Amino acid sequence: MTNQEDQFYITKILEGDSSYYTHLVNRYKNLVYSIVLRMLKNEDDAHEVAQDVFVKVYTSLASFKGDAKFSTWIYKIAYHKCLDALKKKKRNFDTVSIDATYEIGIDQVENGLGQLETAERKEIINKAILSLKEDYAAILTLYYFEELSLKEITKVVGGTLDNVKIKLYRGRKMLFGILKKQLDPETLAIYERGTK
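Structure follows, in structure tokens:
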């Protein structure tokens with residue numbers, strides 16, 4: 018589905034034919050759930066907030082201006098709904114301290130992980146991302162899994178482009194620290210060969 022198709026459905030919905038909303042929900046439900054789960058780290062909460070996101074999308078559809086991609090607009094709503102849920106519940110998550118990360122080159126992470134099978138790599142990375150602080154998890158998810166540009170991520174999470182770049186860099190470092198602990202010796206040996 019393209020942005021033009023999204024716009025077609027949005028127009029039909031705004032004209033009063035809400036049956037087209039199902040198409041938008043089906044297109045974005047997995048993507049929204051993915052980012053919400055990575056931020057909230059709880060499946061029940063993620064299901065609830067994902068539903069809230071789509072209610073908000075429906076009630077706010079008339080305010081979508083088309084300045085950014087529709088997906089970016091939905092991610093922004095999802096991100097802010099997650100922040101609201103986190104504030105409301107005042108949870109204390111186990112987070113990875115920036116000070117505890119390893120000083121490494123970012124290209125080493127990508128080279129080493131490139132040696133892993135795609136499905137295995139995604140599973141390992143997903144588990145590691147779930148242990149990160151929610152803002153880092155969101156940025157890494159949007160960048161690597163949803164393939165948003167840094168500019169689009171800045172629109173979703175707010176702040177400046179430089180701030181997003183810094184969080185992406187720090188998030189990668191934290192992710193590598195976690196992955197280094199989780200990799201078995203054989204995979205770690207593959208990683209080390211890939212970084213030399």
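Position 100 (the sequence shown) corresponds to 117 in the numbering used here; numbering is contiguous.
Where a beta carbon is used, it is the ideal one built from N, C-alpha and C, also for glycine.
Values in this document were obtained by computation on a predicted structure and should not be read as measured data.
Out of the options, state which residue places its alpha-carbon closest to the alpha-carbon of residue i.
{"i": "R218", "options": "D34, T19, G33", "result": "A question about residue 218 goes unanswered here, because the residues of the chain that appear run from 18 up to 213."}
{"i": "L192", "options": "A145, S77, N47, K46", "result": "A145"}
{"i": "L41", "options": "Q199, T177, G83, Y26", "result": "Y26"}
{"i": "Y96", "options": "K139, R187, T158", "result": "T158"}
{"i": "T28", "options": "V72, F81, E140, I141", "result": "F81"}
{"i": "K93", "options": "K104, N59, K73", "result": "K73"}
{"i": "E169", "options": "S51, K105, D84, L31", "result": "D84"}
{"i": "D101", "options": "L78, T76, S77, A67", "result": "A67"}
{"i": "N59", "options": "T177, C99, V174, F162", "result": "C99"}
{"i": "L185", "options": "L149, K198, Q199", "result": "L149"}
{"i": "L48", "options": "K182, T177, Y161", "result": "Y161"}
Quick one: grab the DSSP three-state call for residue i.
{"i": "G33", "result": "coil"}
{"i": "A12", "result": "What is shown of the chain runs 18 to 213, which leaves residue 12 out entirely."}
{"i": "D179", "result": "helix"}
{"i": "A67", "result": "helix"}
{"i": "D23", "result": "helix"}
{"i": "D13", "result": "No answer is possible for residue 13: the residues shown for the chain start at 18 and end at 213."}
{"i": "V113", "result": "Confidence at V113 is low in this model, with a pLDDT of 40, below 50, so the placement of that residue is unreliable and no value is reported for it."}
{"i": "E120", "result": "Interpretation of E120 is limited by its pLDDT of 42, a score under 50 that renders its predicted location unreliable; no figure is taken from the coordinates."}
{"i": "L149", "result": "coil"}
{"i": "I52", "result": "helix"}
If you count every other CB in all the chains shown that lies within 10 Å of the CB of residue i, and 16 or more means buried, which is it?
{"i": "I156", "result": "buried"}
{"i": "Y119", "result": "Because Y119 sits at a pLDDT of 41, beneath the cut-off of 50, its placement in the model cannot be relied upon, and the point is left open."}
{"i": "E151", "result": "buried"}
{"i": "L165", "result": "buried"}
{"i": "L54", "result": "buried"}
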